[in-house]
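Chemist:
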Amino acid sequence: MQVNENKEFQPLIVAFCCNWCSYAGADLSGTNRLNYPTNVKIIRVPCSCRVNPMFILRAFQRGADGVILCGCHPGDCHYTSGNYFTRRRMTLLFGMLDFLGIERDRTRVEWVSAAEGAKFAATMNEFTEAVKKLGPNRRLEDLRCRKQ
Amino acid sequence: MQRIGVFVCHCGTNIAATVDVKAVAEALSHEPGVVISQDYQYMCSESGQNLIKDAIKEHSLTGVVVCSCSPRMHENTFRKAAAAAGLNPYLVEIANIREQCSWIHKDIATATEKAVILGRAAVAKVHLNAPLTAGESPVVKRALVIGGGIAGIQTALDIAEAGFDVDIVEKEPTIGGKMAQIDKTFPTLDCAACILTPKMVECSQNERIHIHSFSEITDVKGFVGNFTVTIKKKARFVDETKCTGCGLCTEKCPMKKVPNEFNMGLDNRTAVYIPFAQAVPKVATIDPNYCLMLKTGKCGVCSKVCSVGAIDYKQTDKLVEEKYGAIVVATGFNPIKIDKYEEFAYSQSPDVVTSLELERLMNAAGPNGGTLLRPSDKTHPHTIVFVQCVGSRCDDEKGKPYCSKICCMYTAKHAMLIREKYPDTDVYVFYIDVRTPGKNFDEFYRRAVEQYGVHYIKGMVGKVTPRSDGKLEVQASDLLANEQLHIDADMVVLAAAIEPDKSARPLATMLTTQMDTNDFFTEAHPKLRPVESATAGIFLSGACQGPKDIPETVAQASAAAAKAIGLLCKNSITCNPCVAHSDELMCNGCSSCEKVCPYGAITYIDKEFRMPDRTTRIRRVASVNPAVCQGCGACTVACPSGAMDLNGFSNSQIMAEVDAICK
Amino acid sequence: MNNSLKDWIDITSGVNVRKCMRCGKCSAVCPSYDEMEYHPHQFVYMVEKGNIEPLMASESLYRCLTCFACVERCPRSVEPAKVVEAVRLASVRKQGNNHLIPDQIPEMLDDDMPQQAIVTAFRKYTK
Chain Y
11 MQVNENKEFQ PLIVAFCCNW CSYAGADLSG TNRLNYPTNV KIIRVPCSCR
61 VNPMFILRAF QRGADGVILC GCHPGDCHYT SGNYFTRRRM TLLFGMLDFL
111 GIERDRTRVE WVSAAEGAKF AATMNEFTEA VKKLGPNRRL EDLRCRKQ
Chain W
21 MQRIGVFVCH CGTNIAATVD VKAVAEALSH EPGVVISQDY QYMCSESGQN
71 LIKDAIKEHS LTGVVVCSCS PRMHENTFRK AAAAAGLNPY LVEIANIREQ
121 CSWIHKDIAT ATEKAVILGR AAVAKVHLNA PLTAGESPVV KRALVIGGGI
171 AGIQTALDIA EAGFDVDIVE KEPTIGGKMA QIDKTFPTLD CAACILTPKM
221 VECSQNERIH IHSFSEITDV KGFVGNFTVT IKKKARFVDE TKCTGCGLCT
271 EKCPMKKVPN EFNMGLDNRT AVYIPFAQAV PKVATIDPNY CLMLKTGKCG
321 VCSKVCSVGA IDYKQTDKLV EEKYGAIVVA TGFNPIKIDK YEEFAYSQSP
371 DVVTSLELER LMNAAGPNGG TLLRPSDKTH PHTIVFVQCV GSRCDDEKGK
421 PYCSKICCMY TAKHAMLIRE KYPDTDVYVF YIDVRTPGKN FDEFYRRAVE
471 QYGVHYIKGM VGKVTPRSDG KLEVQASDLL ANEQLHIDAD MVVLAAAIEP
521 DKSARPLATM LTTQMDTNDF FTEAHPKLRP VESATAGIFL SGACQGPKDI
571 PETVAQASAA AAKAIGLLCK NSITCNPCVA HSDELMCNGC SSCEKVCPYG
621 AITYIDKEFR MPDRTTRIRR VASVNPAVCQ GCGACTVACP SGAMDLNGFS
671 NSQIMAEVDA ICK
Chain C
14 MNNSLKDWID ITSGVNVRKC MRCGKCSAVC PSYDEMEYHP HQFVYMVEKG
64 NIEPLMASES LYRCLTCFAC VERCPRSVEP AKVVEAVRLA SVRKQGNNHL
114 IPDQIPEMLD DDMPQQAIVT AFRKYTK
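Protein chains in written order, with my numbering: chain Y, 11 to 158; chain W, 21 to 683; chain C, 14 to 140.
(1) Once the 5 residues before and after F559 of chain W are set aside, which same chain residues still bring their CB inside 6 Å of it?
(2) DSSP state of H232 of chain W, grouped into three classes?
(3) Just reading off the alpha helix (DSSP H) that C214 of chain W is part of, what are its end residues?
(4) Grab me the residues of P279 of chain W's own chain with a C-beta within less than 7 Å of its C-beta, minus the 5 sequence neighbours each way, in chain order.
(5) For a contact defined as C-beta to C-beta under 8 Å, what are the partners of L499 of chain W on chain C?
(6) Under 7 Å Cβ-Cβ, which residues of chain Y neighbour T532 of chain W?
(7) Three-state secondary structure (DSSP) at N20 of chain W?
(8) Checking 8 Å against the spacing of the C-beta atoms, do F184 of chain W and R228 of chain W come in under that value?
(9) Which same chain residues, not among the five before or five after C80 of chain C, have their C-beta less than 7 Å away from its C-beta?
(10) Less than 8 Å separating the beta-carbons of I52 of chain Y and C27 of chain Y?
(11) Quick one: what does DSSP say G482 of chain W is sitting in, helix, strand or coil?
(12) Comparing the CB of E271 of chain W with every heavy atom of the ligand COA, is any distance shorter than 7 Å?
(13) Could you compute how far the alpha carbon of V300 of chain W sits from the alpha carbon of L268 of chain W?
(14) How many Å lie between D127 of chain W and G651 of chain W at the Cα?
(15) Is the separation between the beta-carbon of A509 of chain W and that of A171 of chain W shorter than 8 Å?
(16) Using the three-state DSSP reduction, which class does Q673 of chain W fall into: helix, strand or coil?
(17) Please check if any C-beta of chain W sits within less than 8 Å of the C-beta of R89 of chain C.
(18) Take every Cβ of the region 128–143 of chain W, pair it with every Cβ of the region 153–170 of chain W, and state whether three or more of those distances are shorter than 8 Å.
(19) Let me know the secondary structure DSSP gives V648 of chain W once reduced to three states.
(20) Let's see if you can read the secondary structure: which residues bound the beta strand (DSSP E) around D187 of chain W?
(21) Is it the case that the Cβ atoms of T445 of chain W and P387 of chain W are separated by a distance below 8 Å?
(22) Going by the beta-carbon positions, is the gap between V60 of chain C and I24 of chain C smaller than 8 Å?
(23) With distances taken from CA atoms, which of W:A496, W:C29, W:K219 is nearest Y448 of chain W?
(24) Taking Cβ-Cβ distances below 7 Å as the criterion, which residues of the region 422–446 of chain W are in contact with chain C?
(25) Tell me, please, which residues DSSP counts as bridged to F247 of chain W.
(26) Drop a sphere of 10 angstroms on the beta-carbon of A658 of chain W, count the other beta-carbons inside from all chains shown, and report buried for 16 or more, exposed for fewer.
(27) By the criterion of Cβ-Cβ separation under 7 Å, what are the contact partners of D47 of chain C in chain W?
(28) Provide the residue span of the alpha helix (DSSP H) that contains G25 of chain W, from first to last.
(29) With a threshold of 8 Å on Cβ separation, who are the neighbours of V13 of chain Y within its own chain once the five nearest residues in sequence on each side are excluded?
(30) Residues in the region 355–372 of chain W with C-beta within 8 Å of chain C's C-beta atoms, listed in sequence order?
(31) Are the beta-carbon atoms belonging to D536 of chain W and K425 of chain W less than 8 Å from one another?
(32) Going by C-alpha to C-alpha distance, which of C:V100, C:A134, C:H54, C:D125 sits closest to V84 of chain C?
(33) Out of W:V321, W:N116, W:T305, which one is the CA nearest neighbour of L312 of chain W?
(34) Can you pull the chain Y residues whose beta carbon is under 8 Å from the beta carbon of T130 of chain W, in chain order?
(35) To the nearest angstrom, how far is the alpha carbon of F130 of chain Y from that of L22 of chain Y?
(36) CB Y422 of chain W to CB P567 of chain W, shorter than 8 Å?
Structure representation (structure tokens):
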């Protein structure tokens with residue numbers, strides 16, 4: 011969580027993007043100069059199925075306010091079936107996080123192809139707005155990790 | 021202790037205009053392990069790369085972070101530079117501060133802040149990078165071409181020409197594909213068979229080309245350079261090696277009422293048949309759905325007349341396993357089924373035909389010996405209506421969303437040929453747009469209108485009603501004249517949309533290649549890599565990738581061949597070292613990883629372990645074949661004990677990135 | 014160009030007129046084509062251009078039988094009949110311009126043409 015001078019809440023958003031589709035999609039939104047907020051920080055993974063639920067828990071523990079996972083469209087996975095695993099795993103994980111008090115709107119899986127730069131930017135704008143509305147994430151965050 | 025160098029690129033003003041690069045370099049210089057932090061105008065330039073090389077040597081760096089453009093752009097450049105300076109190339113990490121920072125943000129303060137965070141994440145990751153060595157795997161010097169149409173034939177001929185063995189797998193009894201069924205070709209009007217059959221013969225005579233006709237692919241394993249493919253040779257009940265193609269059996273076969281697929285069912289063939297006179301291989305095939313001997317056990321005429329004893333009623337499907345270095349897909353297209361467009365009365369009247377049926381009706385080897393006659397009463401048609409875009413350019417539920425591309429030209433060709441041969445025939449073509457981009461194509465269409473007097477009408481046919489007097493009442497709109505037309509036609513020809521062959525989708529699954537929603541194979545890059553699939557070692561040829569006419573198909577076939585030859589020329593290829601590996605001490609042999617692996621790269625081995633009490637125990641542990649693993653990481657998440665990890669994207673590396681970002 | 018009216022018709026009809034590729038199949042199947050001043054494809058095109066007033070003033074509105082042949086046959090699923098219906102509604106709802114007085118209707122009826130209401134009911138109840 012960052013709070014700037016005019017005290018508007020600026021959420022910290024971690025985005026995991028698969029190398030073949032979504033990361034390329036994010037690059038494309040850059041190439042096309044389609045703006046999205048600086049709150050979004052992208053981590054490149056080979057495939058969305060590489061994202062261990064552990065990483066998402068860790069992000070929330072370390073103070074992330076929202077986590078979004080982007081992969082290839084179902085059926086288009088570079089590794090044939092990776093995003094199907096992602097879909098199942100994240101359905102379970104997000105259900106559990108919801109139970110723990112991390113609102114559904116703080117987590118999301120989105121399919122963005124390498125050709126969908128506009129969709130990537132739109133998704134990030136929308137997601138940031140949604141997380142902004144929810145305010146800082148106070149569940150799961152380990153206060154010992156917070157910067158003094 | 022790690023010694024990390026950070027290099028921040030200005031990229032001219034691309035980065036420097038919105039990110040304070042000096043501040044980024046300064047901020048990152050305070051990160052743990054960073055011994056040098058520099059910025060430079062163009063890191064990817066020769067002098068920029070030299071800067072990195074010199075720093076590696078001077079400061080004996082153990083890791084390099086380049087804050088620049090996307091790793092998809094220059095990761096390889098910087099890795100090569102590091103390797104040249106003696107640093108393992110996989111100890112280089114890129115922080116993407118152009119595409120994912122400077123280009124999308126406007127405010128310098130926040131953009132700089134973000135760039136620092138991205139740089140910090142890369143530094144945190146590079147701390148944990150391990151040197152990796154890319155392995156090599158040998159290339160099998162043999163290519164497989166799936167599909168024996170003009171695309172497959174051309175690809176096979178080109179690869180064979182370069183001196184490599186090629187196998188063609190064709191599901192029909194003969195190669196030749198759709199082009200063999202076509203009468204004339206646009207825009208030159210030369211006969212399709214006259215230019216195709218020599219190529220077919222060339223295929224059969226070339227000692228490097230092996231044709232598996234009447235065969236299908238049932239399984240594909242392996243990876244680029246080393247595919248193992250299972251080919252099912254379907255039982256044709258004739259010994260291919262003995263049959264001379266004399267055709268005596270086809271003359272004597274008593275079962276003469278089998279719809280002839282080659283002539284689009286417009287006439288009949290016998291149960292034992294050779295599809296057409298120039299078939300390659302020229303070998304008879306018995307159709308088990310109609311053969312009396314195979315169905316009832318009573319007949320055997322063909323076996324009695326065959327002088328070489330080639331007939332074998334006991335033949336069964338045979339599986340053959342072959343190894344290939346490269347695979348070219350050339351599965352081609354089919355016209356769609358148009359029964360569902362009831363308005364055109366295709367299933368109500370035999371005089372409503374598709375364009376491919378018209379090709380056969382006009383062909384000298386076709387059912388009427390080349391004279392155009394109405395299928396219903398074998399009379400000469402005087403008014404013919406052509407309908408364009410049947411099933412093409414439709415909404416998703418109504419048909420195909422794309423333009424089938426070839427219809428405008430072949431309809432112009434048909435109209436022209438009919439007007440030339442039968443000047444007393446009125447020909448109407450209803451079009452939405454006439455699309456003729458191609459060398460000499462628009463001139464060809466204009467010739468049909470200007471010289472041959474074909475009536476082109478902007479509008480669409482709405483209804484075809486077969487009347488009791490045998491005429492077809494065509495109701496259509498003429499948009500330019502703003503009137504509704506009623507034409508009494510003798511024949512209606514429908515330009516049916518084309519779609520990829522039905523075998524393409526299961527094949528794509530076997531090959532792990534991508535397909536679009538229309539079942540066309542997706543090329544690796546729509547502009548710059550049009551003949552390669554995204555899966556290494558798989559190439560695309562012809563209409564399986566999108567609608568194409570013959571010249572385009574042949575051009576793409578040769579291009580695919582060139583790509584395949586480029587691969588086959590190599591003795592070995594470098595593997596991706598970012599693959600999974602299992603910590604055998606942690607693995608409990610549960611098989612979770614094996615089940616999620618899309619490549620079958622994980623096997624289990626029984627291995628002897630020394631226990632703390634000095635006994636030995638045999639445990640079942642996972643073992644990853646690094647040559648087969650593609651590095652998706654599905655197994656790393658499935659592993660319950662955390663034994664599986666991925667090189668280059670390890671759990672600790674990604675975790676370090678998360679921590680750095682959330683700091 | 015009447016944008017507010019165009020928007021109203023877009024919303025009321027639920028049709029995206031921009032999907033039209035001008036093939037003219039709607040007009041090719043239309044059974045009352047010859048009775049109409051503006052034909053189905055023109056309805057779609059003129060609504061797209063925002064040129065709607067001439068359509069509202071035209072008798073063509075009442076020549077459409079709502080047989081839905083155009084809806085059924087349109088390759089792009091544009092649904093021209095729904096556009097006609099929306100223009101008809103726009104005309105009906107226009108205040109102070111009641112250009113159809115009930116007493117006049119019997120003399121306006123055409124013996125050769127089926128009635129909209131009958132065709133609509135037929136279509137509705139024979140499904």
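Glycine is no exception: its CB is placed at the ideal position from the N, C-alpha and C atoms.
Modeler: By the coordinates alone:
(1) Residues V348, V551, E552, A580, K583, A584 of the same chain have their beta carbon placed closer than 6 Å to that of F559 of chain W, with the five preceding and five following residues left out of the count.
(2) In this structure, H232 of chain W counts as strand in the three-state DSSP scheme.
(3) 212–225 is the extent of the alpha helix (DSSP H) around C214 of chain W.
(4) These residues qualify, in order along the chain: G285, N288.
(5) Simply R35, G37, S40, H54.
(6) The contacting residues are T90.
(7) Residue 20 of chain W is absent from the model: chain W starts at 21 and stops at 683.
(8) If you check the CB distance, F184 of chain W and R228 of chain W come in under 8 Å.
(9) If we look at C80 of chain C and ignore the five residues flanking it on each side, its Cβ neighbours are P44, V132, R136.
(10) Going by beta carbons, I52 of chain Y and C27 of chain Y fall inside the 8 Å limit.
(11) For G482 of chain W, the secondary structure class from DSSP, reduced to helix, strand or coil, is strand.
(12) The ligand COA is not part of this structure, which contains no ligands at all.
(13) Their Cα atoms are separated by approximately 17 Å.
(14) Computed Cα separation, rounded: 37 Å.
(15) Going by C-beta atoms, A509 of chain W is not nearer than 8 Å to A171 of chain W.
(16) Here Q673 of chain W sits in helix by DSSP.
(17) With respect to chain W, the C-beta atom of R89 of chain C has a partner C-beta closer than 8 Å.
(18) Result no; under three Cβ-Cβ pairs closer than 8 Å.
(19) DSSP places V648 of chain W in coil when its eight states are reduced to three.
(20) Element bounds for D187 of chain W: 185–189.
(21) Their beta carbons are not under 8 Å apart, which means T445 of chain W does not touch P387 of chain W by this criterion.
(22) It is not a contact, given that the beta carbons lie outside the stated cut-off.
(23) Checking every option, the nearest Cα to that of Y448 of chain W belongs to W:A496.
(24) Flagged: no residues at all.
(25) Residue pairing from DSSP places F247 of chain W in a beta bridge opposite W:G242, W:Y344.
(26) Flag for A658 of chain W reads buried.
(27) Those are Q504, listed as they occur along chain W.
(28) Here G25 of chain W belongs to no alpha helix (DSSP H); instead the beta strand (DSSP E) covers 24–29.
(29) Its pLDDT being 49, under 50, V13 of chain Y is placed unreliably in this model, and the value from its coordinates should be taken loosely. Within the same chain, V13 of chain Y has close Cβ partners F19, Q20.
(30) Answer set for the region 355–372 of chain W: E363.
(31) Judged by beta-carbon spacing, K425 of chain W lies beyond the 8 Å limit of D536 of chain W, meaning their Cβ atoms are not closer than that value.
(32) Here the closest residue by C-alpha is C:H54.
(33) Checked all of W:V321, W:N116, W:T305; the closest Cα to L312 of chain W is W:V321.
(34) Correct list: T48.
(35) Distance between the alpha carbons of F130 of chain Y and L22 of chain Y: 17 Å.
(36) Going by C-beta atoms, Y422 of chain W is nearer than 8 Å to P567 of chain W.
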